[in-house]
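Visitor: Numbering follows the working numbering, in which position 79 of the sequence shown is assigned residue number 128; successive positions increment by one, without gaps.
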Amino acid sequence: MTETTTRRTSPADVLARDTAPTAHLAGAGTRHRVLSGMQPSADSLHLGNYLGALVNWVKVQDDFDAYFFIPDLHAITVPQDPESMVRRTRVAAAQYIAAGIDPERSTLFVQSQVPEHAQLAWVLMCMTGMGEAQRMTQFKDKAAKQGAEAAGVGLFAYPMLMAADILLYQPHGVPVGDDQRQHVELTRDLAQRFNARYGETFVVPEGFYPVNGARVYDLQNPLAKMSKSAASPNGLVNILDAPKVIAKRIKSAVTDDGTEVRFDREAKPGVSNLLSIYAAVTERSVAELEEAYVGRMYGHLKVDLAEAVVERLAPIRERALELMDDPAELDRLLARGAAKAREVASPVLADVYAKVGFLPPAR
Ligand code: ATP
Ligand code: LTN
Numbered sequence: 050m051t052e053t054t055t056r057r058t059s060p061a062d063v064l065a066r067d068t069a070p071t072a073h074l075a076g077a078g079t080r081h082r083v084l085s086g087m088q089p090s091a092d093s094l095h096l097g098n099y100l101g102a103l104v105n106w107v108k109v110q111d112d113f114d115a116y117f118f119i120p121d122l123h124a125i126t127v128p129q130d131p132e133s134m135v136r137r138t139r140v141a142a143a144q145y146i147a148a149g150i151d152p153e154r155s156t157l158f159v160q161s162q163v164p165e166h167a168q169l170a171w172v173l174m175c176m177t178g179m180g181e182a183q184r185m186t187q188f189k190d191k192a193a194k195q196g197a198e199a200a201g202v203g204l205f206a207y208p209m210l211m212a213a214d215i216l217l218y219q220p221h222g223v224p225v226g227d228d229q230r231q232h233v234e235l236t237r238d239l240a241q242r243f244n245a246r247y248g249e250t251f252v253v254p255e256g257f258y259p260v261n262g263a264r265v266y267d268l269q270n271p272l273a274k275m276s277k278s279a280a281s282p283n284g285l286v287n288i289l290d291a292p293k294v295i296a297k298r299i300k301s302a303v304t305d306d307g308t309e310v311r312f313d314r315e316a317k318p319g320v321s322n323l324l325s326i327y328a329a330v331t332e333r334s335v336a337e338l339e340e341a342y343v344g345r346m347y348g349h350l351k352v353d354l355a356e357a358v359v360e361r362l363a364p365i366r367e368r369a370l371e372l373m374d375d376p377a378e379l380d381r382l383l384a385r386g387a388a389k390a391r392e393v394a395s396p397v398l399a400d401v402y403a404k405v406g407f408l409p410p411a412r
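In structure tokens:
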């Protein structure tokens with residue numbers, strides 16, 4: 050592992066306070082690059098995806114040359130129905146745009162339309178140790194869910210594909226949720242290893258992790274993170290859920306013993322989750338919210354939170370559904386994004402291939 054395991058402030062958090070982004074990353078006249086993506090593995094993104102990732106993406110695109118993509122190659126590391134994949138890939142793009150990703154300012158594309166990702170992944174896989182890959186906790190969790198023997202090799206290779214996604218674009222920052230920290234560290238290790246072996250090639254990227262909303266927990270099981278692959282949808286708030294459904298899910302969230310609205314992850318995981326969601330959605334601090342709920346009940350908190358979440362998500366849902374009405378236009382937009390992405394990715398891959406010792410491309 051590399052030297053960086055400390056928590057970093059994301060430029061988005063700095064921007065949220067209306068000051069200039071971290072000086073070393075947004076130098077005068079240079080627009081540094083960021084890149085991130087979310088798997089199209091469900092019919093809707095959820096509140097964890099939104100608060101843990103998407104909100105920050107929208108903020109960073111003002112100050113960075115941003116690349117946002119839909120990692121469909123990653124999605125097939127677990128079995129997927131082909132028709133659902135097509136629909137989910139488009140609906141993910143529609144949600145990115147509806148949440149505020151501007152395809153004119155940022156490059157928005159689908160991973161499988163840029164073949165360089167799979168090509169670089171192979172080179173990186175050949176530079177990763179089995180032990181190193183086996184230590185990835187997401188692999189261990191997902192493999193355990195399927196039964197270790199049944200898990201595909203693709204699931205094992207997933208972090209090296211993610212490293213390829215990142216390194217192809219030479220980004221300085223990778224805004225992701227907290228759970229992706231280990232993958233970002235592996236990416237840094239691989240970049241440094243390649244540079245040491247073949248000469249300076251890759252920028253070594255930093256993870257940008259959000260302060261608020263870093264981890265949103267399941268409303269029915271506040272000890273587990275809110276996840277697309279949760280056993281039951283009742284603990285999820287999806288961006289594309291109807292407002293009534295969202296309100297109902299929040300109002301039926303499990304709370305804890307006692308009555309006091311107080312943040313205490315150990316003793317009150319349910320209420321703490323609601324408070325941190327509320328803080329992230331309204332951009333207020335947890336302390337301020339605790340203060341506001343002194344002498345009030347869990348029920349009051351839930352009613353107010355439901356209203357705040359619906360107010361935040363309803364316009365995004367409407368815009369995403371509108372975009373889905375014209376899939377041809379969405380596809381055109383994504384094709385333009387893929388062409389722009391290839392302009393960056395293709396020379397980087399060519400450089401890697403030459404350094405590794407592959408013959409020049411056959412023309
Ligand atoms: P799956 O259940 O299929 O693994 P997921 O719901 O965990 O999916 P990902 O596609 O793995 O979502 O993650 C997309 C982005 O959303 C990542 O940056 C991840 O860190 C973030 N994210 C996912 N779940 C949460 C959560 N509960 N809280 C905060 N951020 C999250
Ligand atoms: N593993 C990520 C999705 C992802 C990603 C990336 C994120 C695939 N490639 C590159 C950032 C950069 C996840 O969110 N589960």
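The beta-carbon is built from N, C-alpha and C at its ideal position, and this holds for glycine as well. Note that the structure is a prediction, hence the values are computed from the model and not measured.
In chain order, what are the residues with a CB under 5 Å from some non-hydrogen atom of ligand 1?
Guide: MET87, GLN88, SER90, GLY97, ASN98, GLY101, ALA102, VAL225, GLY226, ASP228, GLN229, ARG264, VAL265, LYS274, MET275, SER276, LYS277, SER278
Visitor: How is PRO131 classed by DSSP in three states: helix, strand or coil?
Guide: Numbered from its first residue, the sequence shown carries residue 131 at position 82. Note: PRO131 maps to helix in three-state DSSP.
Visitor: To the nearest angstrom, how far is the alpha carbon of PHE113 from that of ARG80?
Guide: Position 64 of the sequence shown, counting from 1, holds the residue named residue 113. Position 31 of the sequence shown, counting from 1, holds the residue named residue 80. Cα-Cα distance, rounded: 5 Å.
Visitor: Give me the Cβ distance between TYR327 and LEU354, rounded to the nearest whole Å; I'm assuming they're in contact under 8 Å.
Guide: Numbered from 1 along the sequence shown, position 278 holds the residue referred to as residue 327. Numbered from 1 along the sequence shown, position 305 holds the residue referred to as residue 354. About 5 Å separates the two Cβ atoms, so the contact holds.
Visitor: Quick one: does the C-beta of MET211 sit closer than 7 Å to a heavy atom of ligand 3?
Guide: No copy of ligand 3 occurs in the structure displayed; its ligands are ligand 1 and ligand 2 alone.
Visitor: Among residues of its own chain, excluding the 5 on either side of VAL140, which ones have a beta-carbon nearer than 8 Å to its beta-carbon?
Guide: Along the sequence shown, one-based indexing puts residue 140 at 91. Hits under 8 Å: PRO89, ASP92, SER93, LEU289, ALA369, MET373.
Visitor: Ligand 2 and SER133: does any heavy atom of the ligand fall closer than 7 Å to the residue's C-beta?
Guide: One-based indexing of the sequence shown puts residue 133 at position 84. False, no ligand heavy atom lies under 7 Å from that Cβ.
Visitor: Got a sec: does ligand 2 put a non-hydrogen atom nearer than 7 Å to the Cβ of HIS221?
Guide: Taking the first residue of the sequence shown as position 1, residue 221 is located at position 172. No, the beta carbon of HIS221 sits no closer than 7 Å to any heavy atom of ligand 2.
Visitor: Is LEU338 near ligand 2, going by C-beta to nearest heavy atom under 7 Å?
Guide: Stepping through the sequence shown from its first residue, residue 338 is reached at position 289. Incorrect: LEU338 has no Cβ contact closer than 7 Å to ligand 2.
Visitor: Provide the residue(s) that pair with THR156 in DSSP beta bridges, ordered along the chain.
Guide: Here residue 156 refers to the residue found at position 107 when the sequence shown is read from its first residue. DSSP lists TYR116 as partners of THR156.
Visitor: Per DSSP, what kind of secondary structure is TYR342 in: helix, strand or coil?
Guide: Numbered from 1 along the sequence shown, position 293 holds the residue referred to as residue 342. TYR342 falls in the coil class under three-state DSSP.
Visitor: Within 8 Å, do at least three Cβ pairs link the stretch 270-285 to the stretch 208-217?
Guide: no
Visitor: Determine whether the beta carbon atoms of VAL223 and VAL83 lie at a separation below 8 Å.
Guide: The residue you call residue 223 lines up with position 174 of the sequence shown. The residue you call residue 83 lines up with position 34 of the sequence shown. It is a contact, given that the beta carbons lie within the stated cut-off.
Visitor: List the DSSP bridge partners of GLU255.
Guide: Along the sequence shown, read from residue 1 onward, the residue named residue 255 stands at position 206. According to DSSP, which records beta bridges pairwise, GLU255 is partnered with GLY222.
Visitor: Can you have a look at SER334 and say buried or exposed, based on whether 16 or more other CB atoms are within 10 angstroms of its CB?
Guide: For the purposes of this step, residue 334 is identified with residue 285 of the sequence shown, where counting begins at 1. SER334 should be labelled exposed.
Visitor: Check whether the Cβ of ILE215 lies closer than 7 Å to any heavy atom of ligand 2, and answer yes or no.
Guide: Position 166 of the sequence shown, counted from the start, is the residue given in the question as residue 215. ILE215: yes, Cβ under 7 Å from ligand 2.
Visitor: Between the alpha carbons of ARG242 and LYS189, how many angstroms are there, rounded?
Guide: Working through the sequence shown from its first residue, we reach residue 242 at position 193. Working through the sequence shown from its first residue, we reach residue 189 at position 140. Their backbone Cα atoms lie some 24 Å apart in a straight line.
Visitor: Between which two residues does the beta strand (DSSP E) holding SER85 run?
Guide: Along the sequence shown, one-based indexing puts residue 85 at 36. Note, SER85: beta strand (DSSP E), 82-86.
Visitor: Using the Cβ count rule (16 or more neighbours within 10 Å means buried), how would you classify MET179?
Guide: For the purposes of this step, residue 179 is identified with residue 130 of the sequence shown, where counting begins at 1. Classification for MET179: exposed.
Visitor: Identify the continuous alpha helix (DSSP H) that holds SER281 and give its terminal residues.
Guide: Locating residue 281 in the sequence shown gives position 232, where the first residue counts as 1. Here SER281 belongs to no alpha helix (DSSP H), and DSSP marks it neither H nor E.
Visitor: Spatial neighbours of SER85 within its chain, please: C-beta separation below 7 Å, excluding the five flanking residues on both sides.
Guide: On the sequence shown, position 36 is the one that residue 85 refers to. Same-chain partners within the cutoff: ALA102, TRP106, PHE117, VAL223, PRO224, VAL225.
Visitor: So, for ALA296: in the same chain, excluding its five sequence neighbours on each side, which residues have a beta-carbon less than 7 Å away from its beta-carbon?
Guide: Against the sequence shown, residue 296 aligns to sequence position 247. Cβ within range, chain order: ALA355, VAL359.
Visitor: Going by beta-carbon coordinates alone, are ILE125 and GLY248 separated by less than 8 Å?
Guide: The residue you call residue 125 lines up with position 76 of the sequence shown. The residue you call residue 248 lines up with position 199 of the sequence shown. Against a cut-off of 8 Å, the Cβ pair of GLY248 and ILE125 comes out as no contact.
Visitor: Taking 7 Å as the cut-off, is the beta-carbon of PRO120 closer than that to any non-hydrogen atom of ligand 2?
Guide: As a working mapping, residue 120 is identified with position 71 in the sequence shown. PRO120 Cβ: within cutoff of ligand 2.
Visitor: For the 8 Å Cβ check, are there 3 or more pairs between the stretch 376-385 and the stretch 313-333?
Guide: no
Visitor: Between the Cα of PRO364 and those of ALA115, ARG314, GLN144, spot the shortest distance and give me the residue it belongs to.
Guide: Here the question's residue 364 lines up with position 315 in the sequence shown. Minimum Cα distance to PRO364 is reached at GLN144.
Visitor: Counting only the same chain and skipping the five closest in sequence on each side, list residues whose C-beta sits under 8 Å from that of GLU181.
Guide: Looking up residue 181 in the sequence shown gives position 132. The beta carbon of GLU181 sits closer than 8 Å to those of LEU235, ASP238, all from its chain and outside the five residues before and after it, given in chain order.
Visitor: Compute the distance between the beta-carbons of VAL320 and ALA357, then report whether it is under 8 Å.
Guide: To locate residue 320, count along the sequence shown from 1; it is residue 271. To locate residue 357, count along the sequence shown from 1; it is residue 308. Taking 8 Å as the Cβ cut-off, VAL320 and ALA357 do not qualify as a contacting pair.
Visitor: Check this for me: beta carbons of PRO220 and PRO164, under 8 Å apart or not?
Guide: In the sequence shown, residue 220 corresponds to position 171, counting from 1. In the sequence shown, residue 164 corresponds to position 115, counting from 1. No. Outside cutoff.
Visitor: Would you call the CB atoms of THR250 and VAL401 closer than 8 Å?
Guide: Here the question's residue 250 lines up with position 201 in the sequence shown. Here the question's residue 401 lines up with position 352 in the sequence shown. Yes. Within cutoff.
Visitor: With a 10 Å radius around its C-beta and 16 neighbouring C-beta atoms as the bar for buried, classify LEU408 as buried or exposed.
Guide: Stepping through the sequence shown from its first residue, residue 408 is reached at position 359. The Cβ neighbour count for LEU408, taken over all protein chains shown within 10 Å, is under 16; the residue is labelled exposed.
Visitor: Within 7 Å: the Cβ of HIS349 and any heavy atom of ligand 2?
Guide: Mapped onto the sequence shown, residue 349 falls at position 300. HIS349 Cβ: outside cutoff for every heavy atom of ligand 2.
Visitor: Which residue or residues does DSSP assign as beta-bridge partners of HIS95?
Guide: Residue mapping note: residue 95 aligns to position 46 of the sequence shown, counting from 1. Note: HIS95 sits in a beta bridge opposite ASN287.
Visitor: DSSP state of ASP151, grouped into three classes?
Guide: In the sequence shown, residue 151 corresponds to position 102, counting from 1. It is coil, neither helix nor strand.
Visitor: Tell me which same chain residues have a C-beta within less than 8 Å of the C-beta of ALA212, skipping the five on either side of it?
Guide: As a working mapping, residue 212 is identified with position 163 in the sequence shown. Cβ neighbours of ALA212 beyond the five flanking positions: ALA170, LEU173, HIS232, LEU235, THR236, LEU239, ALA240.
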